[in-house]
Structures are given as structure tokens and as C-alpha cells.
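K.L.:
Residues 1 to 334 (UniProt numbering) are what the sequence shown spells out, left to right.
Below: one structure in C-alpha cells.
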Amino acid sequence: MAKTSVEVPSLQKVYESYFNIGAAVNLRTIETQQNLLAKHFNSITAENDIKFELLQPEEGKFTFERADKLAAFAQSHGMKMRGHTLVWHNQTPDWVFKNSEGERVTRDQLLQRMKDHMTTVMQRYKGQIYCWDVVNEAVTDEGPELYRKTNWLDIIGEDYIEKAFEFAHAADPDALLFYNDYNESNPGKREKIYQLVKTLVEKGVPIHGVGLQAHWNLTNPCLEDIRAAIERYSSLGLKLQLTELDISVFNHEDKRTDLAAPTAEIIELQTQRYQQVFELLREYREVITAVTFWGAADDYTWLNDFPVIGRKNWPFLFDENHQPKEAFWKVISF
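The following block contains the structure:
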């Protein structure tokens, strides 16, 4: 049902009494999607430009130019900004974990490097970035082990997570600090995330929220598992944010690469899915403070070529021409 001749309401204004509406951006999309972002989103997250390897590729050499441009974009459009991410096993340069002889650094050396990086970055954007994904993806996807095996864990030990939150809080006492992870609604991984965060809360670690990445598809996770995850995490007295939402038009087992455009069936399923997801999220407006999409429109998404090379995806509420899809109209009609 085409509605292109109808005035398109602002998504963020429709949801202003519920939660912030955000989008992940990069230097290209703040230009190509500028009008769309300005109208429909009141928060942005840097897709990659605030990750360790791009901010400090060499020890003591900070490269803030790209991140500064994104922060300036947010400021000029009256948007909030999320910081993603400070401590992660990916996109962290090798030098962080090695000394000048190429040998593994000590626990104390790595803690100092973590603290120095976080302090420099967070103090630069103090007052501009209101919340941070302090630690990203620290638990295992499956198996009995709780902690993902990483250099941070191997060198520092399990308390690297609480140390990261303590350093973050010291660097910017006003910032909201989140633990962020994917497959967050899968019952097995949900319990691991819950166990980790519960331990931090009980120790008095300065953590304020849990980030649900929400890289979902047409059927998975089921709504009952999403609800259970929201209930479980919020029971710890923390706020929740969906930090990287997209709804892939391909289920996990669907490896097709021949679609040049989504089929009518796919469009209908995605429309229903978005409608159901946002109905659920609105129920939890007291604990969900932001919903950030990992992009803004179908002309740019990290899901192109991932996890299937040569495949296009169409995961958002806006199409490749930045026009609202039927899913958009369902999401704002309540």
C-alpha cells in the first residue's frame, strides 16, 4: 500500500514519549542520509570510528578526526550520541597487548593502557557522548565457560570487566555505562549475560545498563525470548537499550544470493515482525531508554555480504531511496 504522497511523520517525534530513536552512522552516511537522519533520529552511534584501532592505531597516537566529525554532526542536529565501544576483543590493535620487544605485556601494563585509552577518549567527548558501551561481547556463545577467551581476559583476568567500568566512571562520572552483547535473547546466552551483569551489580561496579544488540531476523529470536530477556536484565534495576537493531530478511538457514529485491512474502513478514517488535518494546518504555538501528536505510547496511558473500539485504524501515516502507507505517501506527 503506497503512502508516498502522504506527509511522513518523524519517527523520533512519534516515539519521543517512549524512548530515543538512534542510528549507526559513518562519514559517508552522514552525508548521503543527512536529511533522513535529521528528520527521524535523535541519537547516533559511530559504526566504527570510535573503536580502539581507529582512535589509537599506535601507542599514544590518537586519530580523532573522523570521530570528531560525527560528534559535530550530532551536535549540529541536536542529537544525542552513544559511544561504541571501549573494550572489545575485536578491532583492537596488536600493540595494546605487546611490549616493545613484542612480548606479551603484564597485567599492570595492560590495565594502564586500558585506563589511558579510556580516559583520553571519554574526557575528549565528555558532554557530547552521553553513554558508552564500555565492554562489548565478553561472554561465550555456548559451552560451560562464562567468559569469552580474549587477550583482555588472558592477561588481566576476569576482573578486567569491572576495572573497565571503574576506569570509565572515573573518566566521566556523568556518562551512562552499558554492557553490550549479541544473541542477548537466546536463553542460554541470556543467562550468561545476566550472571555477568548481576555479579557486577552485586560488587557495586558502576554499571547503568545492558545493551541488547538486537541483530534479529524474520523469526528469530521469538517474541517470548525477547520479552524474557527484557524482564531478566531489567530485574537487576538497570536500564536497557537496543543498540544495534536490524531485522534481516533472511533467516539463519537461508543462504540465497539470487534476490535482487525482497519478495512480497519477505516484505510482509518483515512488516509483521517490526510491528510485533515495536508493540513489545512500547510495553517496556519504563526500562527501555533508546532503540538504535544499526544503520538508517537499506542503501547501506553491514548485512550486505554478511554472513553470505554476494548477498544484498534490506533490514530497515526505510528503503534504498530513503522512503518509508510498509513496516514504518505499522511501527508508527498505535
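Cβ atoms here follow ideal geometry from the backbone N, Cα and C, with glycine treated the same way.
Everything numeric in this text was worked out from a predicted model, so none of it was measured.
With a threshold of 8 Å, are at least 3 pairs of Cβ atoms found where one atom belongs to the stretch 176-194 and the other to the stretch 132-142?
P.N.:
Short answer: they touch.
K.L.:
Check for me: the alpha helix (DSSP H) holding residue 339 runs from which residue to which?
P.N.:
Residue 339 cannot be examined here, being either before or after the span of the chain that is shown, 1 to 334.
K.L.:
Output needed for Thr63: all residues of its chain with C-beta closer than 8 Å, excluding positions within five of it in sequence on either side, in chain order.
P.N.:
Around Thr63: Leu54, Leu55, Gln56, Pro57.
K.L.:
Tell me which residues share the same chain as Arg104 and place their Cβ nearer than 6 Å to its Cβ, disregarding the 5 neighbours each side in the sequence.
P.N.:
Once the five neighbours on either side are set aside, Arg104 has no close Cβ partner at all.
K.L.:
Starting from Asp225 and walking both ways along the alpha helix (DSSP H), at which residues does that stretch end?
P.N.:
Element bounds for Asp225: 223-234.
K.L.:
Would you mind listing the beta strand (DSSP E) stretches within the stretch 111-199 that are 3+ residues and don't spill past its ends, in chain order?
P.N.:
Here the runs fully enclosed are 131-136, 176-181.
K.L.:
Are the beta-carbon atoms of Pro262 and Gln270 separated by less than 9 Å?
P.N.:
The answer is yes: Cβ separation under 9 Å.
K.L.:
What's the gap between the Cα of Thr85 and the Cα of Asp305?
P.N.:
Roughly 23 Å separates the two Cα atoms.
K.L.:
Since Glu241 contacts Ile288 with CB under 8 Å, what's their CB separation in whole angstroms?
P.N.:
Looking at the sequence itself, residue 241 is Gln, so the reference to Glu does not match. So it is a contact: roughly 7 Å between Cβ atoms.
K.L.:
Can you give me the C-alpha to C-alpha distance between Ala2 and Glu326, rounded to a whole angstrom?
P.N.:
Low local confidence applies: a pLDDT of 49 at Ala2 is under 50, so the model's placement there is unreliable, with the coordinate-based value given in what follows. Approximately 8 Å, taken between the alpha carbons.
K.L.:
Given Lys322, which residues of its chain have a CB within under 7 Å of its CB, disregarding the five upstream and five downstream residues?
P.N.:
For the sequence presented, residue 322 should be read as His rather than Lys. Cβ within range, chain order: Gln33, Leu36, Ala297.
K.L.:
Tell me the start and end of each unbroken alpha helix (DSSP H) in the stretch 243-325 that is at least 4 residues and wholly inside, in chain order.
P.N.:
Counting only runs of 4 or more, we get 264-283.
K.L.:
Out of Leu27, Arg28, Asn26, Leu11, state which residue places its alpha-carbon closest to the alpha-carbon of Asn20.
P.N.:
The shortest C-alpha separation from Asn20 is found at Leu11.
K.L.:
If I measure Cβ to Cβ from Lys39 and keep anything under 6 Å in the same chain, skipping five residues before and after, which residues do I get?
P.N.:
Answer for Lys39: Ser10, listed in chain order.
K.L.:
Start and end of the beta strand (DSSP E) containing Ser333?
P.N.:
Looking at the DSSP string, Ser333 is not in any beta strand (DSSP E), and its letter there is neither H nor E.
K.L.:
Decide if the stretch 89-97 is in contact with the stretch 42-53; the criterion is three or more beta carbon pairs, one per stretch, under 8 Å apart.
P.N.:
Counting Cβ pairs under 8 Å, three or more are found: they touch.
K.L.:
Count the other CB atoms, across all protein chains shown, that sit within 10 Å of the CB of Glu7; report buried if there are 16 or more and exposed otherwise.
P.N.:
Classification for Glu7: exposed.
K.L.:
Output the distance between the C-alpha atoms of Leu111 and Glu59, rounded to the nearest integer angstrom.
P.N.:
Approximately 14 Å between the Cα atoms of the pair.
K.L.:
Please report the straight-line C-alpha distance between Ile30 and Phe328, rounded to a whole angstrom.
P.N.:
Each residue's alpha carbon lies about 21 Å from the other.
K.L.:
In angstroms with no decimal places, state the Cα-to-Cα distance between Glu286 and Ser17.
P.N.:
Near 10 Å, if we compare the C-alpha coordinates of Ser17 and Glu286.
K.L.:
Of all the options Asp319, Gly209, Phe41, which has the alpha carbon lying nearest to the alpha carbon of Val134?
P.N.:
Comparing Cα-Cα distances from Val134 to each of Asp319, Gly209, Phe41, the minimum goes to Gly209.
K.L.:
In whole angstroms, give me the CA-to-CA distance for Pro206 and Ser76.
P.N.:
Each residue's alpha carbon lies about 30 Å from the other.
K.L.:
Which residues in the same chain have their Cβ closer than 7 Å to the Cβ of Leu153, if we skip the five residues on either side of it in sequence?
P.N.:
Contacts found: Tyr147, Tyr160.
K.L.:
Figure out for me which residue from Thr219, Gln123, Gly204, Asn136 has the closest Cα to the Cα of Glu253.
P.N.:
Nearest option by C-alpha distance: Thr219.
K.L.:
Just to confirm, is the Cβ distance from Gly211 to Thr257 under 9 Å?
P.N.:
Taking 9 Å as the Cβ cut-off, Gly211 and Thr257 do not qualify as a contacting pair.
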